[in-house]
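A.B. asks: Please see the structure below; I have some questions.
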Amino acid sequence: VQSYNTLISILGKGGHIDRCRELDREMQRMEIMPNLCTFNSLLMMHVHDGKIQEAMGVLQRLKDAGLEPNVVTYTGLIKMYSRASKYNEAIEMFLEMQRVRCKPDLTTYSLMISVFGKARSLEDAALVFRQMQEAGYKPNVITWSALIQVCERNGKFPEMGAYFNEMQASGCQPDVTLYNILMGAYGRQGLSVQAAILFRKMQAQGVTPNAVSYDTMIQAFCHSKQPADAQGVHDQMVKAGYVPD
RNA sequence: CACCGAGCUAU
């Protein structure tokens, strides 16, 4: 079963749907009982593919097999609605899991902060953040990143920095993605100089820029009408072995 | 310390 789960999980993320269906049928033929992880992997495959009906079908099979959806299942369903911009359904799913006594964990909370942010309700995002801390979870860099991006989406620029400081004070180190979020925020405001300072700082801190980082900086310089600087970042990107798209 | 889920990726 575990071998099948691993394969389905990897193939599913790669978008090889038919190959996964094949494995699914093969398991049935060989009378290998799928477990919760199998169904969760199949569910995520449809979530990545944006197929809500198919995902619901997997949920039904899971229940028919006498299994109970767990926190991973619910988080996947929330993600599915979030990706489809169906925020009310995502929130409903978050409430339902708690109704059936399935405890959200750090991953669920991080996702919900992002969902509330996209639903333009910073208040609720802050509320879940607090609920999370009351439940005894310590935010990690992903949680902080989600919260900080929610601030930007809602135009709360000063609080972005405030949360960033709070994060560092709590001993949590920024990673590439968080730097990308901050550089993007400066770039979109036309503050390419600030973005460039961060770009240098991240490297000084030993955080290696990824393709998104370079892209974000090119975007920032283009936004500020600095084609020469954008070109410079482009060259650095190529030197670092990335293929600009 | 390896079966599944969360944050950045242009207008």
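Residue numbers (the working numbering): -1 to 243.
Cβ coordinates follow ideal geometry from the N, Cα and C atoms, glycine included.
Rounded to whole angstroms, what is the Cα-Cα separation between residue 153 and residue 78?
C.D. replies: In a straight line, the C-alpha of residue 153 is about 26 Å away from that of residue 78.
A.B. asks: If residue 167 and residue 148 are in contact, beta carbons under 8 Å, what's the gap, nearest whole angstrom?
C.D. replies: Contact doesn't hold; Cβ gap of about 20 Å is too wide.
A.B. asks: Of the residues 120, 142, 107, which one's Cα is nearest the Cα of residue 132?
C.D. replies: Ranking the options by Cα distance to residue 132, first place goes to 107.
A.B. asks: If contacts are defined as beta-carbon pairs under 8 Å, then residue 217 and residue 185 qualify, I think. What distance do you get, rounded to the angstrom?
C.D. replies: Confirmed, Cβ separation roughly 6 Å.
A.B. asks: Over what stretch of residues does the alpha helix (DSSP H) that includes residue 18 continue unbroken?
C.D. replies: Taken as a continuous stretch (DSSP letters only), the alpha helix (DSSP H) holding residue 18 covers 15 to 27.
A.B. asks: Can you list, in chain order, the residues of its chain whose CB lies under 6 Å from that of residue 9, leaving out five sequence neighbours each side?
C.D. replies: Answer for residue 9: 17, 18, listed in chain order.
A.B. asks: Within a Cβ cutoff of 7 Å, which residues of the same chain sit near residue 53, ignoring the five residues on either side of it in sequence?
C.D. replies: So the list reads 41, 44, 45, 78, once near-sequence residues are dropped.
A.B. asks: Spatial neighbours of residue 21 within its chain, please: C-beta separation below 8 Å, excluding the five flanking residues on both sides.
C.D. replies: Counting only Cβ-Cβ distances below 8 Å, and skipping sequence neighbours, we find 2, 5, 6, 9.
A.B. asks: Does residue 110 come out as helix, strand or coil in the three-state DSSP assignment?
C.D. replies: Of the three classes helix, strand and coil, the one that applies to residue 110 here is helix, per DSSP.
A.B. asks: If we call anything under 8 Å between Cβ atoms a contact, is residue 145 one with residue 127?
C.D. replies: Contact flag set, yes.
A.B. asks: Which full runs of the alpha helix (DSSP H) of 4+ residues lie inside the stretch 93 to 140, going along the chain?
C.D. replies: Here the runs fully enclosed are 104 to 116, 120 to 132.
A.B. asks: Got a sec? Which residues, its chain only, sit under 7 Å from residue 182 by beta carbon, not counting five neighbours each side?
C.D. replies: Closer than 7 Å at Cβ, skipping near neighbours: 214.
A.B. asks: List the endpoints of the continuous alpha helix (DSSP H) containing residue 243.
C.D. replies: Note, residue 243: premise wrong, no alpha helix (DSSP H); not H, not E.
A.B. asks: Does DSSP classify residue 216 as helix, strand or coil?
C.D. replies: In the structure shown, residue 216 sits in a helix (DSSP, three-state: H, G or I).
A.B. asks: I'd like to check one pair, residue 111 with residue 73: are the Cβ atoms closer than 8 Å?
C.D. replies: Contact: no.
A.B. asks: For residue 85 versus residue 117, is the C-beta distance shorter than 8 Å?
C.D. replies: Yes. Within cutoff.
A.B. asks: Pull up the distance between the alpha-carbon of residue 197 and that of residue 212, whole angstroms please.
C.D. replies: Approximately 9 Å, taken between the alpha carbons.
A.B. asks: Going straight from the alpha carbon of residue 159 to that of residue 220, what length do you get?
C.D. replies: Spanning the two alpha carbons is a distance of roughly 24 Å.
A.B. asks: Look at the Cβ atom of residue 76, then the Cβ atom of residue 120, and state whether they are nearer than 8 Å.
C.D. replies: Not in contact: residue 76 and residue 120 (Cβ atoms no closer than 8 Å).
A.B. asks: When you compare each of 70, 68, 114 to residue 90 by their alpha carbons, which one comes out closest?
C.D. replies: With distances taken between Cα atoms, residue 90 lies closest to 114.
A.B. asks: Under DSSP, the alpha helix (DSSP H) around residue 45 begins and ends at which residues?
C.D. replies: It spans 34 to 47 - the alpha helix (DSSP H) in which residue 45 sits, taken as one unbroken run.
A.B. asks: Can you have a look at residue 179 and say buried or exposed, based on whether 16 or more other CB atoms are within 10 angstroms of its CB?
C.D. replies: With 16 or more Cβ atoms within 10 Å of its Cβ, residue 179 is classed as buried.
A.B. asks: Considering just the uninterrupted stretch of the alpha helix (DSSP H) at residue 207, what are its terminal residues?
C.D. replies: Segment: none, residue 207 is in no alpha helix (DSSP H) and carries neither H nor E.
A.B. asks: Can you tell me whether residue 155 is buried or exposed, with buried defined as 16 or more other CB within 10 angstroms of its CB?
C.D. replies: Classification for residue 155: exposed.
A.B. asks: So, at 6 Å on beta carbons, what are the nonlocal neighbours of residue 13 in its own chain, with the 5 sequence-adjacent residues on each side left out?
C.D. replies: Closer than 6 Å at Cβ, skipping near neighbours: no residue.
A.B. asks: So, using beta-carbon positions, are residue 60 and residue 92 closer together than 8 Å?
C.D. replies: No; because the gap between Cβ atoms is not below 8 Å, this pair is not in contact.
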